[in-house]
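Reviewing the structure listed below.
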Amino acid sequence: EAEVAQSPRYKITEKSQAVAFWCDPISGHATLYWYRQILGQGPELLVQFQDESVVDDSQLPKDRFSAERLKGVDSTLKIQPAELGDSAMYLCASSLGQDHYEQYFGPGTRLTVT
Amino acid sequence: QKEVEQNSGPLSVPEGAIASLNCTYSDRGSQSFFWYRQYSGKSPELIMFIYSNGDKEDGRFTAQLNKASQYVSLLIRDSQPSDSATYLCAVNGAAGNKLTFGGGTRVLVKP
Chain A
1 EAEVAQSPRY KITEKSQAVA FWCDPISGHA TLYWYRQILG QGPELLVQFQ
51 DESVVDDSQL PKDRFSAERL KGVDSTLKIQ PAELGDSAMY LCASSLGQDH
101 YEQYFGPGTR LTVT
Chain B
1001 QKEVEQNSGP LSVPEGAIAS LNCTYSDRGS QSFFWYRQYS GKSPELIMFI
1051 YSNGDKEDGR FTAQLNKASQ YVSLLIRDSQ PSDSATYLCA VNGAAGNKLT
1101 FGGGTRVLVK P
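In the order they appear, the protein sequences are chains A and B. Residue 17 in this note's numbering sits at position 17 of the first sequence, and the numbers go up by one each step. Just so we're on the same page, this note's numbering is the position in the second sequence counted from 1, plus 1000.
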């Protein structure tokens, strides 16, 4: 069964350090999403890609967060420098796009900033 | 007012009973609606989606949509202890395929 892959699954970092997350969407899925989920809340969209282009990054804290999907397949989300408030689950999801809106999530990366 | 609202629960349901979860949304132009199940410490899993008014059934799950009332619900029949999880309602707005999530309803199925 096709799945979204993410790594690492867990990351502990000290504040002010840099951290990066990787996502490989389901094969053939043109749209890729990065979400942040704080404990007890629903996921919040950080950035959405259509192929290699950013469609929506309105909620991405651009002073410290960056995201790229250079070849329109896998994607990297980076935080530099990390802050204590960045501790959360970072989720990647993908969808076919083109009027197919069902999004499928990867296992997530649990980030703890100390 | 939040864009997507859910009762946080917990909703306590006896094993074998029907669990009824509700979700309201504010964007009248919303086109598609999703229910995700999330176990503690895990990522959300898509269990149902509905695009048209009315009911949609899949196994023990039924999604109900009423666009006029801006209301979507999920029924879980013959609830099992393995159904104990947080259920997230997500709505795709009129502007495109951006999902907005509610805060989730925690369901506890007691044997």
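Glycine included, every Cβ here is placed at the ideal spot set by N, Cα and C. Keep in mind that this is a model prediction, so the values were computed, not measured.
- Judged by DSSP secondary structure, residue 11 (chain A) falls within the beta strand (DSSP E) whose first and last residues are 10 to 13.
- In terms of Cβ geometry, residue 1065 (chain B) and residue 1076 (chain B) do not form a close pair [threshold 9 Å].
- At a cut-off of 9 Å, the C-beta of residue 1043 (chain B) has a neighbouring C-beta in chain A.
- Residue range 1105 to 1110 is occupied by the beta strand (DSSP E) that includes residue 1106 (chain B).
- Annotation for residue 24 (chain A): the continuous beta strand (DSSP E) segment containing it runs 19 to 24.
- Every candidate alpha helix (DSSP H) stretch fails here, since none sits fully inside the segment 30 to 74 of chain A while reaching 4 residues.
- For residue 1025 (chain B), the closest of B:1070, B:1054, B:1107 and B:1018 by C-alpha to C-alpha distance is B:1070.
- Residue-level contact check: residue 1102 (chain B) touches chain A, since one or more beta carbons of chain A fall below 9 Å from its beta carbon.
- Between residue 1084 (chain B) and residue 1107 (chain B), the gap from beta carbon to beta carbon is short of 9 Å.
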